[in-house]
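Undergrad: Can you keep this structure in mind? I'll have questions shortly.
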Amino acid sequence: MRHIDTQIMALRQEFITMGLEVLEAVKKTVTAFEEGNEKLAQEVIDHDEVINGKETHLEKKSAQVIALQQPVTMDLREIISILKASADLERLADHAVNISETVLDLKLHERNEQIDELLTRMGENVAKMLQDILDAYTEVDDGHAVEIAERDATNDEIYSKVNTLSVKLLQTSPENTGEGIDYLKIANRLERIGDYITNIAEWIVYTKRGKIVELGKKDI
Numbered sequence: 157m158r159h160i161d162t163q164i165m166a167l168r169q170e171f172i173t174m175g176l177e178v179l180e181a182v183k184k185t186v187t188a189f190e191e192g193n194e195k196l197a198q199e200v201i202d203h204d205e206v207i208n209g210k211e212t213h214l215e216k217k218s219a220q221v222i223a224l225q226q227p228v229t230m231d232l233r234e235i236i237s238i239l240k241a242s243a244d245l246e247r248l249a250d251h252a253v254n255i256s257e258t259v260l261d262l263k264l265h266e267r268n269e270q271i272d273e274l275l276t277r278m279g280e281n282v283a284k285m286l287q288d289i290l291d292a293y294t295e296v297d298d299g300h301a302v303e304i305a306e307r308d309a310t311n312d313e314i315y316s317k318v319n320t321l322s323v324k325l326l327q328t329s330p331e332n333t334g335e336g337i338d339y340l341k342i343a344n345r346l347e348r349i350g351d352y353i354t355n356i357a358e359w360i361v362y363t364k365r366g367k368i369v370e371l372g373k374k375d376i
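In my numbering, the protein residues as written are 157 to 376.
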């Protein structure tokens with residue numbers, strides 16, 4: 157085995173380890189929202205520094221491999237993808253933290269059952285997408301990555317419904333302003349998580365096919 161193969165395998169393992177920690181954060185965030193669980197929400201917030209550290213370490217290691225090994229073609233594409241996708245994971249984790257912070261604030265307000273159900277479904281969707289994209293990354297399965305990215309359309313549909321209901325809540329129940337704003341924040345951040353997962357799917361396609369593709373219209 158080439159020395160660079162060993163180094164890339166180590167980078168891949170670090171990426172997966174980081175990804176699993178981010179997945180755990182997203183799952184905890186969704187559960188914290190669904191149950192109003194302040195303890196879980198705080199755990200997500202407290203663990204974010206660890207995830208940030210892993211992303212920084214992965215960035216440095218990737219840069220070192222590029223500088224010292226001067227990889228080309230497939231090797232270079234894979235290292236670039238790890239570098240870019242780890243940044244997407246870190247930003248995704250930041251949104252999980254933001255949601256958890258909003259969950260702590262939401263406990264002060266009355267909950268809306270219809271919006272709660274929609275956001276819980278959206279949260280479960282993005283958690284499953286993240287789990288599946290990590291599997292696709294492990295297998296370098298570009299076809300699966302494309303299919304996962306296509307699922308984000310469902311999140312966009314739910315986001316639109318939540319947005320409409322939350323705005324209506326703000327307009328018809330001024331006393332529930334805080335609740336409506338919190339719901340809008342959570343929906344926006346879940347939608348962003350879906351977008352970052354789509355980004356990771358694009359990096360899987362880039363690794364396999366050697367071309368950058370756009371798997372959805374996003375503005376991140």
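Where a beta carbon is used, it is the ideal one built from N, C-alpha and C, also for glycine.
Is the CB-CB distance between residue 318 and residue 349 below 7 Å?
TA: Not closer than 7 Å, so no.
Undergrad: I think residue 368 touches residue 362, with their Cβ atoms under 8 Å apart; what is that distance to the nearest whole Å?
TA: Right, their Cβ atoms sit about 5 Å apart.
Undergrad: Thinking just about the alpha-carbon of each residue, which of 342, 231, 330, 268 is nearest to the one in residue 366?
TA: Cα-wise, what sits closest to residue 366 is 231.
Undergrad: Candidates 263, 282, 344: which alpha carbon is nearest residue 245's?
TA: It is 282.
Undergrad: Starting from the N-terminal side, write out each stretch of the alpha helix (DSSP H) that is 4 residues or longer and does not extend beyond the region 194 to 248.
TA: Those alpha helix (DSSP H) runs which fall completely within the region 194 to 248 and span 4+ residues are 194 to 225.
Undergrad: If you follow the alpha helix (DSSP H) that residue 336 is in, where does it begin and where does it stop?
TA: 333 to 365 is the extent of the alpha helix (DSSP H) around residue 336.
Undergrad: Just the C-alpha distance for residue 351 and residue 308, rounded to the nearest angstrom, thanks.
TA: Roughly 7 Å between the two C-alpha positions.
Undergrad: Cutting at 6 Å between CB atoms, please list the residues of its own chain near residue 170, excluding the five before and the five after it.
TA: So the qualifying residues of the chain are 214.
Undergrad: Could you give the distance in angstroms between the alpha-carbon of residue 183 and the alpha-carbon of residue 165?
TA: The straight-line gap from Cα to Cα measures roughly 27 Å.
Undergrad: Measuring CB to CB, does residue 292 end up less than 7 Å from residue 372?
TA: Contact flag unset, no.
Undergrad: Answer yes or no: do residue 256 and residue 188 have a C-beta to C-beta separation smaller than 7 Å?
TA: Going by C-beta atoms, residue 256 is nearer than 7 Å to residue 188.
Undergrad: Do you know how far the Cα of residue 250 is from the Cα of residue 296?
TA: Taking the straight line joining both Cα atoms gives about 25 Å.
Undergrad: My assumption, with CB atoms under 8 Å, is that residue 204 sits in contact with residue 259. Please give the rounded CB distance.
TA: Not a contact, Cβ separation roughly 14 Å.
Undergrad: With a 10 Å radius around its C-beta and 16 neighbouring C-beta atoms as the bar for buried, classify residue 285 as buried or exposed.
TA: Residue 285 should be labelled buried.
Undergrad: With distances taken between CB atoms, is the gap from residue 242 to residue 211 smaller than 7 Å?
TA: Contact: yes.
Undergrad: Three-state secondary structure (DSSP) at residue 184?
TA: Here residue 184 sits in helix by DSSP.
Undergrad: Just tell me which of 220, 299, 201 has its CA closest to the CA of residue 180.
TA: For residue 180, the nearest C-alpha among the options comes from 201.
Undergrad: Report the rounded CA-to-CA distance for residue 175 versus residue 278, giving the unit in angstroms.
TA: Going by the C-alpha atoms only, they are around 19 Å apart.
Undergrad: Should residue 345 be labelled buried (16 or more other beta-carbon atoms within 10 Å of its own) or exposed?
TA: Classification for residue 345: buried.
Undergrad: Please state if the CB of residue 248 and the CB of residue 178 are separated by a distance shorter than 7 Å.
TA: Taking 7 Å as the Cβ cut-off, residue 178 and residue 248 qualify as a contacting pair.
Undergrad: For residue 323, name the three-state secondary structure that DSSP assigns.
TA: Correct three-state label for residue 323: helix.
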